[in-house]
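Numbering follows UniProt numbering, in which position 171 of the sequence shown is assigned residue number 171; successive positions increment by one, without gaps. One structure below.
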Amino acid sequence: MAAAVTAEASGSSAASTTAAASGTTGANTATTDAIPQTVSTATATASTAPAPYGQDANSYALTFTEEFNSFDSSLWNDHIWYAGSNATKNYTVENGTLKIWPQRDASGSFFDRTIDTDGKFYQTYGYFEMEAKLPKGKGTWPAFWLFNHVDTRRPEMDIMEAYAGGNGWGTTDASGVSRPTTYAPTIWKGDTEGQMMGTKMFNAGVDLSEGFHKYAVKWEPNKQTYYFDGKEVLVANVTMGDPMYIMLDLWFGSASGTPDNSTPQGKDNSYEVNYVRA
């Protein structure tokens, strides 16, 4: 989320949050030979869930699962990163999904909403997967990423960032509404400002606002592999060893442009997340 991704950028990245591997989560400890990892909080509860999509289930132990049967404030924080004027609550958990939707504030401007696990769940290495449906409309900028603020460093893995209104990022329907078809995984080492180590614009070939898809990353000490619906999208060979927390957000602008009257508001145009797992 540090900056808009451009088509010319080189490297690799991926998408989705199903973090699983060896590690510790509170009193629950599981070890495998696959990917070493650490979990820094006791609030994430490992439980039974489907294996990471397209992966060998024997290589992973579930360390975090959020099926969104309720909004669990012991796991999630709610932020408005760029505060609006009397911004309203534009998210909810209902019918088993988290929904975040475009909404104007009292001044008529769209505002940014972030849901994250900062201070509540961190993990180093593993497999992170999210299943979600993206919003449509010019200016919409949904993302699923891992992040941390370590002293002056800002390591970051963007598993999914989409810019429906951007040139080359989507299509426009008969009603003039921008629809996302392309997204980007990106990796930022974060030792200095910027320091992008890899990215890729991936055209999924479908309208990502019409159905649910899986976005994931397999994070190893010196390698990151990104997946879309189990298909390998990008591979980066970057040494990343800081614990990171999970972020889900719907921002506006950047490569997606400025939202306008063609941008659908309300719950029916949600960034809708079915689950997040690690």
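All C-beta atoms, glycine included, are put in the ideal place defined by N, C-alpha and C. The structure presented is a predicted model; accordingly, all values stated were derived computationally and were not measured.
Is D107 helix, strand or coil by DSSP? As written in the sequence, residue 107 is Ser, which differs from the Asp given in the question. In the structure shown, S107 sits in coil (DSSP, three-state: anything other than H, G, I, E or B).
Exposure label - G126; buried when at least 16 CB within 10 Å: buried
Could you check which residue in L146, N58, G176, G190 has the C-alpha nearest to that of I115? L146
Option nearest D158 by Cα separation, candidates A236, A51, T172: A236
By Cβ distance below 8 Å, which residues in the same chain neighbour G96 in space, the five residues on each side in sequence not counted? E67, F68, N69, N274
Own chain residues within Cβ distance below 7 Å of S40, not counting five before or after: Only weak support is given to the placement of S40: the predicted model assigns it a pLDDT of 43, under 50, and the value that follows is read from those uncertain coordinates. If we look at S40 and ignore the five residues flanking it on each side, its Cβ neighbours are Y122, P243.
Run of the beta strand (DSSP E) containing V273, from where it starts to where it stops: 271-277
How about K138 and G257: are their beta carbons less than 9 Å apart? yes
Which class does K214 belong to by DSSP, given the choice of helix, strand or coil? strand
Relative to the C-alpha of R154, which residue among A57, Y245, W251 is closest? Y245
Does the Cβ-Cβ distance between V276 and M160 come in under 9 Å? no
Below 7 Å CB to CB, which residues in the same chain sit around A14 once its five sequence neighbours on both sides are set aside? Because A14 carries a pLDDT of 32, less than 50, the predicted location of this residue cannot be relied on, and no value is offered for it.
Less than 9 Å separating the beta-carbons of P259 and T140? yes
Other residues of its chain near G230: CB distance less than 6 Å, five sequence neighbours each side excluded: Y53, G54
What is the rounded straight-line gap between the Cα of P135 and the Cα of Y60? 31 Å
Which complete beta strand (DSSP E) runs does the segment 173-259 hold, if anything under 3 residues is left out? 178-180, 182-188, 196-199, 213-220, 223-228, 231-236, 245-252
Give a yes or no on whether the C-beta atoms belonging to L98 and L248 are separated by under 9 Å. yes
Cα-Cα, which of E94, G190, N269 is closest to E156? G190
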